[in-house]
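Colleague: In the order they appear, the protein sequences are chains Y and A. Using this note's numbering, read the first sequence as starting at 3 and increasing by one per residue. Using this note's numbering, read the second sequence as starting at 2 and increasing by one per residue. Here a beta-carbon is modelled for each residue, glycine too, at the ideal position from N, C-alpha and C. All values reported here derive from a predicted model rather than from experimental measurement.
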Amino acid sequence: ETGVTQTPRHLVMGMTNKKSLKCEQHLGHNAMYWYKQSAKKPLELMFVYSLEERVENNSVPSRFSPECPNSSHLFLHLHTLQPEDSALYLCASSQDPFSGNTIYFGEGSWLTVV
Amino acid sequence: DAKTTQPNSMESNEEEPVHLPCNHSTISGTDYIHWYRQLPSQGPEYVIHGLTSNVNNRMASLAIAEDRKSSTLILHRATLRDAAVYYCIPRRMDSSYKLIFGSGTRLLVRP
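1. Measuring only between beta-carbons, confirm whether arginine 92/A sits less than 8 Å from chain Y.
2. Should glycine 30/Y go down as buried or exposed, given a rule of 16 or more other Cβ atoms within 10 Å for buried?
3. Tell me which residues of the stretch 57 to 89 of chain A have at least one Cβ-Cβ distance to chain Y shorter than 8 Å, keeping chain order.
4. Figure out for me which residue from His35/A, Gly44/A, Trp36/A, Arg38/A has the closest Cα to the Cα of glycine 36/Y.
5. What residues from chain A crowd round proline 85/Y, counting only those whose CB sits closer than 9 Å?
6. From aspartate 98/Y to alanine 33/Y, what distance separates their C-alpha atoms?
7. Closer than 8 Å by beta-carbon distance: list the chain Y residues that pair up with serine 104/A, in chain order.
8. Whole angstroms are fine: how far does the CA of glutamate 46/A sit from the CA of glutamate 109/Y?
9. Just the chain A side, please: which residues come within less than 8 Å of glycine 5/Y by C-beta, in chain order?
10. Could you tell me the boundaries of the beta strand (DSSP E) in which valine 6/Y lies?
11. Under a Cβ-count criterion, where at least 16 other Cβ atoms within 10 Å of its own Cβ denotes burial, should glycine 16/Y be classed as buried or exposed?
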């Protein structure tokens, strides 16, 4: 248990569906992150939020839409995805994004696009 | 960002020490060397980090070369639970959200 909880753990969706991944951190952190881990590829940073403001959007397609309503919650809204978007999506948090603090990861949400 | 080179995989016997090497010859003077590991079906977890001096914690030890161009993560007694992918990550402390993962070293632990 890392203090970062992701739901659902597994999701299968069609290319025309709209779904959301949810992340909640119980660590009192101010920064939250989305990473993507595809098979045979290193983890890729997607988005970074600091105090609910987006500070990094790493050239992610618009079919991925993040939302950070408060510093404890982070969502990744998914729509019209492609099969190549199937991957493990990892949420993480840290005290703040600029001071070298340890980054804590959730267990991830396995997404399959059919 | 500094590039890293790690072996694709290593094997160890249970209860024996493991030395996981990492080359980071382009590391800058302000980069800390972080190690994370990813157990099967889990997100990465922090292991240890250091700048110049060797570091110890309850999980592992980190030995950093004098020229800082390489480092070695040391697990003193490998357990089956240590089977994971280990990532060596140079990380600037002032833009530190950029935790850039490479391919890492997959450690297999034989019972």
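Modeller: If we stick to the structure as given:
1. yes
2. exposed
3. none
4. The sequence given here places tryptophan at residue 36/Y; glycine does not occur at that position. Measuring from the Cα of tryptophan 36/Y, the nearest candidate turns out to be Gly44/A.
5. Ordered by position in chain A, no residue passes the 9 Å Cβ test against proline 85/Y, which lies about 22 Å from the chain.
6. 5 Å
7. Pro44
8. 10 Å
9. Going along chain A, no residue has its Cβ under 8 Å from glycine 5/Y, so there is no contact; the nearest lies around 11 Å.
10. 6 to 9
11. exposed
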